[in-house]
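Undergrad: Sequence order for the protein chains is S and G.
Residue 330 in the UniProt record's numbering is what sits at position 330 of the first sequence, and the numbering runs on without skipping anything.
Residue 15 in the UniProt record's numbering is what sits at position 15 of the second sequence, and the numbering runs on without skipping anything.
Input: one structure, supplied below.
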Amino acid sequence: MRRLAMGFIPLTDAAVLIAAAERGFSMAEGIEIDLHREVSWANIRDKVNVGLLDGAHMLGPLAIASSLGLGHVRVPLVVPFALNLNGSAITIARGVYEEMGETGEDLSSGLGAARALGKVVLARKAQGRDPLTFAAVYAFSTHTYLIRHFLKAGGVDPDRDVRLVVVPPPFMAESLRNGLIHGFSVGSPWNSVAVDADVGRIAVLGAEIFGWVPEKVLGVHARFVKTEPDLLRRLVRALHSAARWCEDPANHEDLARLLGEPRHLNLPADVLRRTLDGRLHTAPGGALRVHPDYLILHRDNANRPSRDHALWIYSQIVKSGQGEWTRDAAREAVGVYRPDLYDAAVGPQPEPADRVPDCVATQFGETFDAERFLQNT
Amino acid sequence: MANELSLRIVIVDDSPVRAAILSEGLQEAGFHNVLRIEGVNNLLGRIYAIDPDVILIDLENPSRDTIEQMFQMSREVKRPVAMFVDQSDSATIEEAIAAGVASYVVDGLRKDRVRPILETTISRYRAFARLREELEEARSQLEERKLVDRAKLILMRAKNVDEQTAYGLIRRTAMNEKKRLAEIAQSIITAAELLR
Chain S
1 MRRLAMGFIP LTDAAVLIAA AERGFSMAEG IEIDLHREVS WANIRDKVNV GLLDGAHMLG
61 PLAIASSLGL GHVRVPLVVP FALNLNGSAI TIARGVYEEM GETGEDLSSG LGAARALGKV
121 VLARKAQGRD PLTFAAVYAF STHTYLIRHF LKAGGVDPDR DVRLVVVPPP FMAESLRNGL
181 IHGFSVGSPW NSVAVDADVG RIAVLGAEIF GWVPEKVLGV HARFVKTEPD LLRRLVRALH
241 SAARWCEDPA NHEDLARLLG EPRHLNLPAD VLRRTLDGRL HTAPGGALRV HPDYLILHRD
301 NANRPSRDHA LWIYSQIVKS GQGEWTRDAA REAVGVYRPD LYDAAVGPQP EPADRVPDCV
361 ATQFGETFDA ERFLQNT
Chain G
1 MANELSLRIV IVDDSPVRAA ILSEGLQEAG FHNVLRIEGV NNLLGRIYAI DPDVILIDLE
61 NPSRDTIEQM FQMSREVKRP VAMFVDQSDS ATIEEAIAAG VASYVVDGLR KDRVRPILET
121 TISRYRAFAR LREELEEARS QLEERKLVDR AKLILMRAKN VDEQTAYGLI RRTAMNEKKR
181 LAEIAQSIIT AAELLR
């Protein structure tokens, strides 16, 4: 039996890692996982770097930015397994959401909500009022890229017309309540927590912006791959079995209870159940916003790290002005995601024959084409 | 050459005691420009206003991610430099992380100017952790003694024996079952409550 120390941030999409540790999937591979709950993505990165953690639940963009040495000391990370696709949402402060309702746009569609928010932001600008402030949980995160895309689709320049800040998830609802921020883009269950506290309304689900957003991954230090290839294969297999179990709706009740435990997310099981099922209340006890792809833990080949997804993340880093475009950096970014390691562990997975040009399935606004991105820039 | 003792140092730590211990340590080492920040409201605004050369922050502080965003927004920082961890000294970084603290240093600041600050920080954090462990240990020892005392009383009444005999019984059972005294004491108390 080998012991591995694995870090996680209390979010619904730590589900596969937590289930692997607590429902026997790692034991079946001869691995005992010690889970460590962490308070920041920076801690996750640093503890993996110095070896206090063997691996962790990680934002895809964090794994890539760290490997490129953007924003911090360079930490070479490797992604042999993707923990999920999608799972986030954008929540808007009650007052601002009411203003959005008065614009006449159809708030039930993603594009309608984007246009409504755009009108509110631009009207404030025309009146010379203070710009609205929106929060994400980390600079290098899909949540940052989601809200930037959403704002742009509504005609807003995310660098000039609004302020984008970083707020740790546990402070999101409180910051919304006291007016420090006017909305946020964050993973579940924090949107539902803000709705239940009656301080915000879920305006759009992540899956309504992009059909397949590369979310959290298993990130390990590059030295792990070199020194313990067999152990890594076993770990990936354990996660793969856990993911299949997590995806099955028949297990959602047990999974919600497991995640809700004080040592994990410390939240009511029913809130977590709603996020696992993709049935979110957008207002307290009220309207539901339902999406079958709200959070994908296993199906749609979700666990195989996609190189196109890595390239999309890099394109977002460049677009957001977080890093300069270079061909070397693009190559390095793509190399962080390792479908070969995944295949070596769970068996060869054929690339789907009809490879979609837009690997994130953009629902509105500017689309992404991996080939074109590489050629044009 | 600028005097390193005049470097502006900011401490972000939710534990006021630990922040005080660190601040005192740095002052003793001659750094007179040390400021402590508490709370999360407008953290970045306050840090910008201070415009520090070095930021020290405890690892259990969720605001680390907020601070790191500053590196992405250099246009908002008054000086045209980014804050970076000193990349050149990975051993010190490892020691610091193990001690429970992270540091951010203005880009370009020389290693030898920062090293005494980091060394003081690491040693004070370790001292604080030891202190807390000792306190924790003392507290749990006290709790355990209280449990054993209660269990002794129960046995003395139930079996009509003296204190020495009651204690002997608990100790023998603990040894036989390879458990701690407090565990046996706890089961005696639980059993007595059930049978009451």
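For every residue, glycine included, the Cβ atom is placed at its ideal position computed from N, Cα and C.
#1: Look at the alpha carbon of Thr165/G and the alpha carbon of Ala197/S, and state the distance between them as a whole number of angstroms.
#2: Measure the Cβ-Cβ separation of Ser67/S and Leu77/S and say whether it is below 8 angstroms.
#3: Nearest-angstrom Cα distance between Ala28/S and Leu297/S?
#4: Per DSSP, what are the beta-bridge partners of Ile11/G in this structure?
#5: According to DSSP, what are the bridge partners of Ala136/S?
#6: Alpha carbon to alpha carbon, how far is Asn303/S from His57/S?
#7: Excluding the five sequence neighbours on either side, which residues of its own chain have a C-beta within less than 8 angstroms of the C-beta of Glu163/G, listed in chain order?
#8: Within 10 angstroms of its Cβ, does Asn49/S collect 16 or more other Cβ (buried), or is it exposed?
#9: Can you tell which of Pro61/S, Leu180/S and Pro80/S has the C-alpha that lies nearest to the C-alpha of Val225/S?
#10: So, helix, strand or coil for Asn191/S, using DSSP?
#11: Short of 9 angstroms Cβ to Cβ, which residues in the stretch 64-87 of chain S face chain G?
#12: Taking 7 angstroms as the cut-off, is the C-beta of Thr121/G nearer than that to any heavy atom in the ligand SAH?
#13: Taking its Cβ as the centre, do 16 or more other Cβ atoms sit within 10 Å of Phe185/S, making it buried, or is it exposed?
#14: Under 7 angstroms between beta-carbons, which chain G residues line up against Tyr138/S? List them in chain order, please.
#15: My output table needs one value for Thr91/S: the three-state DSSP class, helix, strand or coil.
#16: Just confirm the distance between the C-beta atoms of Asp34/S and Ala5/S, as a whole number of angstroms; I'd bet it's less than 8 angstroms.
#17: Thinking just about the alpha-carbon of each residue, which of Leu232/S, Ser26/S, Leu205/S and Gly323/S is nearest to the one in Arg223/S?
#18: Which bits of chain S does Leu59/G rub up against, with CB to CB less than 7 angstroms?
#19: Using the Cα positions of Asn41/G and Asp343/S, report the straight-line distance between them to the nearest angstrom.
#20: Smallest Cα separation from Trp289/S: which of Asp369/S, Glu366/S and Ser192/S?
#21: Would you call Arg237/S buried or exposed, if buried means 16 or more other Cβ atoms sit within 10 Å of its Cβ?
#22: Just mark Met175/G as buried or exposed, buried being the case when its beta carbon has 16 or more other beta carbons within 10 Å.
#23: Going by DSSP in three states, residue 207/G sits in which element: helix, strand or coil?
#24: For a contact defined as C-beta to C-beta under 7 angstroms, what are the partners of Ser185/S on chain G?
#25: Between the C-alpha atoms of Leu11/S and Arg274/S, what's the straight-line distance to the nearest angstrom?
#26: Quick check: the Cα distance between Ile181/S and Gln141/G, rounded to an integer number of angstroms?
#27: With a threshold of 7 angstroms on Cβ separation, who are the neighbours of Phe373/S within its own chain once the five nearest residues in sequence on each side are excluded?
#28: CA-CA distance, Gly206/S and Glu261/S?
#29: Measuring CA to CA, which of Ile9/G, Thr121/G, Asn61/G and Gln186/G is closest to Leu147/G?
#30: Could you please tell me which residues of the stretch 214-227 of chain S, in chain order, have their CB closer than 9 angstroms to any CB of chain G?
#31: Over what stretch of residues does the beta strand (DSSP E) that includes Ser140/G continue unbroken?
#32: Classify Ala302/S as helix, strand or coil using the three-state DSSP reduction.
#33: By the three-class DSSP mapping on this structure, what secondary structure does Lys78/G have?
#34: Give the range of the beta strand (DSSP E) segment to which Phe81/S is assigned.
#35: Taking C-alpha atoms, which residue in Ile122/G, Asn61/G, His32/G and Lys179/G lies nearest to Val12/G?
#36: Among Gly168/G, Ile122/G, Ala29/G and Val114/G, which residue has its Cα nearest to the Cα of Leu59/G?
TA: This is what the structure gives:
#1: Answer to the nearest angstrom: the Cα atoms are 58 angstroms apart.
#2: Cβ distance < 8 angstroms, so Ser67/S and Leu77/S count as in contact.
#3: Going by the C-alpha atoms only, they are around 20 angstroms apart.
#4: Looking at the DSSP assignment, Ile11/G forms a beta bridge with Arg36/G and Leu56/G.
#5: In the DSSP output, where bridge partners are listed per residue, Ala136/S has Val166/S.
#6: Those two C-alpha atoms are separated by around 13 angstroms.
#7: Hits under 8 angstroms: Lys152 and Met156.
#8: Flag for Asn49/S reads buried.
#9: That would be Pro80/S, whose Cα lies nearest to the Cα of Val225/S.
#10: Looking at Asn191/S - three-state DSSP - the assignment turns out to be helix.
#11: So the list reads Gly69, Leu70, Gly71, His72, Val73 and Arg74, given in the order they occur along the chain.
#12: Looking at this structure, you won't find the ligand SAH or any other ligand, since it has none at all.
#13: It should be pointed out that residue 185/S corresponds to Ser in this sequence rather than to Phe. In the assembly as shown, Ser185/S is a buried residue. Its beta-carbon has 16 or more other beta-carbons within 10 Å.
#14: Annotation: Cβ neighbours of Tyr138/S in chain G (cutoff 7 angstroms, chain order): Asp65.
#15: Thr91/S: strand per DSSP, three-state reduction.
#16: At roughly 5 angstroms, the Cβ-Cβ gap stays under 8 angstroms, so Asp34/S and Ala5/S are in contact.
#17: Each of Leu232/S, Ser26/S, Leu205/S and Gly323/S was checked against the Cα of Arg223/S, and the nearest Cα belongs to Leu232/S.
#18: In chain order: Asn43.
#19: Looking at the two C-alpha atoms, the distance is approximately 46 angstroms.
#20: The question names Trp, but residue 289/S is Arg in the sequence shown. Cα-wise, what sits closest to Arg289/S is Ser192/S.
#21: Counting C-beta atoms within 10 angstroms of its own C-beta, Arg237/S has 16 or more neighbours from the protein chains shown and is therefore classed as buried.
#22: By the 10 Å Cβ count, Met175/G comes out exposed.
#23: Outside the displayed span of chain G (1 to 196) sits residue 207/G, for which this structure offers no information.
#24: Residues of chain G with a Cβ closer than 7 angstroms to the Cβ of Ser185/S do not exist; the shortest Cβ-Cβ separation is about 14 angstroms.
#25: Leu11/S and Arg274/S have their alpha carbons spaced roughly 13 angstroms apart.
#26: Going from the Cα of Ile181/S to the Cα of Gln141/G covers about 47 angstroms.
#27: Leaving aside the five residues that flank Phe373/S on each side, the residues in its chain whose CB is nearer than 7 angstroms to its CB run, in chain order, Leu311 and Ser315.
#28: About 26 angstroms.
#29: The residue from Ile9/G, Thr121/G, Asn61/G and Gln186/G with its alpha-carbon nearest to that of Leu147/G is Gln186/G.
#30: Along the stretch 214-227 of chain S, none of the residues has a CB nearer than 9 angstroms to a CB of chain G.
#31: Ser140/G -> not in any beta strand (DSSP E); alpha helix (DSSP H) instead, spanning Lys111 to Lys159.
#32: DSSP, reduced to helix, strand and coil, places Ala302/S outside both helices and strands of the structure shown, so it counts as coil.
#33: Per-residue confidence for Lys78/G stands at a pLDDT of 44, beneath the threshold of 50, marking its modelled position as unreliable; the derived number appears in the next sentence. Judged by DSSP in its simplified three-state form, Lys78/G adopts coil rather than helix or strand.
#34: For Phe81/S, the enclosing beta strand (DSSP E) stretches over residues Leu77 to Ala82.
#35: Nearest option by C-alpha distance: Asn61/G.
#36: Minimum Cα distance to Leu59/G is reached at Ile122/G.
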